[in-house]
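Down below is the structure, laid out as structure tokens.
Residue numbers (the UniProt record's numbering): 1 to 1025.
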């Protein structure tokens, strides 16, 4: 429409001047030449008059009588049978159309041209569509442009919707069918199983009556005499891999996958459970991605490549994908061995009738139940599965096995019968020739046999077999072609020339024609979680996601950064060359997959205390991660090791952190910052106060504390020149913390580590620059310091904290990477988590009975109320917290874990769970009840032993202060609906992970939890509010 509008009023050169009227066209006006009168009166200048009205009357009269004169001279109406004239109303000229436009219409035209030139979407708040309608309606009724623009408007309205629709509601269309039908709802059997092949090209060339013998063709141009490895060292896995990458995601978004009610009648319950099961299964099948390239791209402009129309496999591509040249030497040997097992002799000695008979017997002997069949001499276990070790060995060997190259004379002789059958089948289908196939894709047909293959032997064999290039059959021809030379980037699998072009078209047709990858590929069909999980990230392995499949299938064999999992399509030795050139060799582990001992879980209080206090025999495990993230300084962090050096590092930070009056300063700061955040982040919805107590209060309060303690570059209203916003700083610290302490999901580990390292390096370099500026001396340093001092209860920290660390003898680099950054990271996310868990518990059905007492205590400002609120906080963590700690065993020992004897060997990774330990009735009588008389030293969630949380005492003060502020809110309650619930996913051992706000992925820390409260907030100190 806009294109028509802007094009319609581009005036051609010949119409650039207005048309002259009447005698003016002949150079005369009212009997004068050149518009001049030759009389004396012409020199008189009288008062100016407006002659426009009179002129219009004259013109109208002249036109009226001119029409009458014209009518009187017209011939009789003999062209029609009803005695009427054929009217041909002339269209108005461009000039007349332009004359009909107002200044507002010209402004509309200019805006249309700007929108069209920019390619931007239309802002309908400008009423552009309505103004275009006004413009068109103002054109003369006989304007050609008016008609064209009206039609263009109709076209745009029509083409804004698909005709016919390609996405339909209902289970019949929502899920993939087993036979592939209903991919295109308007052509439901397009591409379905058991339907006829399509034909891409008509066979127009008249072929010779007698074509060469298929066996002779194979022996002359196909048979392998010597294995030719793939030039790019592609592994055999690439050509064997045809299965889908399945991600099974169970997500009950908005009750979508709600289990049937238990009170349903038996008949209805059976149907309901069947539908529930089917919905989960079918949605899980949608949540996959086998192609991560542009064919899935959404093109919103008109006249773009259509999508979701379905696809039908053609006979030509049935032949084009027979890549038997790529069979590896190892797979060739396996095929020969199969012949020996089935027939007792070499493949070359087996006749075609013997082969077909033998394969028929083999198929008849297969178990009817596929789940009971075996292969490669593997034995199924009692539960019907194969041993992971056996499957991993097969996969590992295949990854290390280089495939064969494309091109002639590289198909194993063991496949001779298969190739003969393929050539015969193509002839029965009456396939077109190689040249016809090439012309179909716009490729130049071969004029000589040497163009097909420059190898004199191959060209000569083709010449004697076919006599003319036009007679070369499709299948033998694509095998006999030369393979492309590797090109970086551009040519990866190095196929033959015609195949490389045809396969790209077919890939686009398959993927773009698939409704489930295009028109129906959206979060509503796949769920937000499934849509996000099946997507790819170009910053990780250039979008390759095979590692997800490998790590989820075999988490106890593949390390999260194993090159075998991340790039299995190229053999490891070649991958090493590639990664070294890219500078990414250190990102991956190059060891062959081997069994990884699962962690040992201990759940009793006694076992946890024993492990954590035995620093000699059970070492911390975080050093590798901190070293990866922070470099050498990371290895020196106090939690990175168990040496005396690490103990000294802890003492330095302890001395700098706990100063005189620290208790009072921390309490005042947290009471102030919690109330300040409530003031800033609360809003009113329908007159009710609402705040996201997790995202905007709990998480951010600790960010502000760490930023004030360590002078971090936090951007706030008070410090607008900071670098990172509150939420950015929290996410940076949460990602780094997760990488160090909770890197639990092998499939998420690699991208997590890459992201954590990137943000850690970015934040660390800024901190180091700040530390260096603090370490400077002189007038300039004092001047700069005056802008960075904390104007709050933590005035003794910030740059003063940095100076105390400098006074300990540490360098700026050591302070940054082994003290400030890792300590700040260690104190923020977990403290934010426990605050949310406290509030979540006391708003739960079990805990809300205590809210009135918490509210009463919050209004008192006494040491006694502080002590009780502290116990309420500790009990909330004990009953709703999810903590634990890792150690690596250095000894062989058997431990009593609540009556269970657990043997631990050197090298075993041990996880002690605080969830079960916190409910040990031997330590916590009446463990499921809130009691305020429990000794503080009995709580284990801060750890015990040499690596007890350094910030334990400050954390207790902080959480008490925050509970006082939030617990003091009137009628504190959950927000109604899902927003007032923590979306938790249970994990073994009583742990949870949390869904993100969009439910598109999960995180180890809670990110959103909305609450309501009544009344007004107390005013901030120093504020008039």
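In this text, a Cβ means the ideal position worked out from N, Cα and C, and glycines have one as well.
- At least 8 Å separates the beta-carbon of residue 203 from that of residue 392.
- In the structure shown, residue 540 falls within a coil segment according to DSSP collapsed to helix, strand and coil.
- Annotation: the continuous beta strand (DSSP E) that includes residue 1012 extends over 1010-1014.
- Under the three-state reduction of DSSP output, residue 1000 falls in the coil class, being neither helix nor strand.
- Within the DSSP bridge table, the entry for residue 763 names no partner.
- Cα atoms of residue 898 and residue 683: separation of roughly 49 Å, rounded to the nearest angstrom.
- According to the DSSP assignment, residue 904 belongs to the beta strand (DSSP E) that extends over 900-904.
- About 5 Å separates the CB atoms of residue 637 and residue 818; that is less than 8 Å, so the two are in contact.
- Here the alpha carbon of residue 1005 sits roughly 9 Å from the alpha carbon of residue 834.
- Checking the DSSP bridge columns, you'll see residue 684 partnered with 689.
- Less than 8 Å divides the Cβ of residue 751 from the Cβ of residue 537.
- With at least 16 other beta carbons inside 10 angstroms of its own, residue 837 counts as buried.
- As summarised for the region 590-621, the continuous alpha helix (DSSP H) elements at least 4 residues long and confined to that stretch are 605-613, given in chain order.
- In this structure, residue 587 sits away from residue 556, with a CB-CB distance that is not shorter than 8 Å.
- A straight-line Cα-Cα distance of about 7 Å links residue 381 and residue 387.
- Residue nearest to residue 153 within the set 968, 708 and 130 is 130 (criterion: CA-CA distance).
- Within the same chain, Cβ atoms closer than 8 Å to the Cβ of residue 362 are found at 342, the five residues on either side in sequence being excluded.
- In this structure, the alpha-carbon of residue 865 lies about 20 Å from that of residue 952.
- In this structure residue 319 touches residue 474 by the C-beta definition: roughly 6 Å separates them, less than 8 Å.
- If you keep only unbroken alpha helix (DSSP H) runs of at least 4 residues inside the region 804-870, you get 812-815, 821-827, 829-842 and 851-858.
- The distance from the Cβ of residue 886 to that of residue 621 is about 5 Å, consistent with a contact at the 8 Å cut-off.
- Judged by beta-carbon spacing, residue 822 lies within the 8 Å limit of residue 630, meaning their Cβ atoms are closer than that value.
- Residue 410 counts as buried, since no fewer than 16 other beta carbons sit within 10 angstroms of its beta carbon.
- From the listed residues 559, 582 and 651, the smallest Cα separation to residue 596 is found for 559.
- When DSSP states are grouped into helix, strand and coil, residue 888 belongs to the strand group.
- Residue 935 sits in coil when the DSSP states are folded into three classes, being neither helix nor strand.
- For residue 525, no beta strand (DSSP E) run applies; the uninterrupted alpha helix (DSSP H) run containing it begins and ends at 523-533, by DSSP.
- In the structure shown, residue 473 adopts extended strand secondary structure according to DSSP, grouped into three states.
- If you check the CB distance, residue 1011 and residue 980 come in under 8 Å.
- Residue 127 counts as exposed, since fewer than 16 other C-beta atoms from the protein chains shown sit within 10 angstroms of its C-beta.
- Residue 723 carries a coil assignment under DSSP once its states are collapsed to helix, strand and coil.
- Pairing residue 954 with residue 940 gives a Cβ-Cβ distance that is not under 8 Å.
- The C-beta of residue 962 has 16 or more other C-beta atoms within 10 Å across all chains shown, which makes the residue buried.
- Annotation: the continuous alpha helix (DSSP H) that includes residue 707 extends over 699-710.
- Contact check between the region 694-713 and the region 759-770: three or more CB pairs, one atom from each, fall below 8 Å, which counts as touching.
- Only buried fits residue 146, as 16 or more other CB atoms lie within 10 angstroms of its CB.
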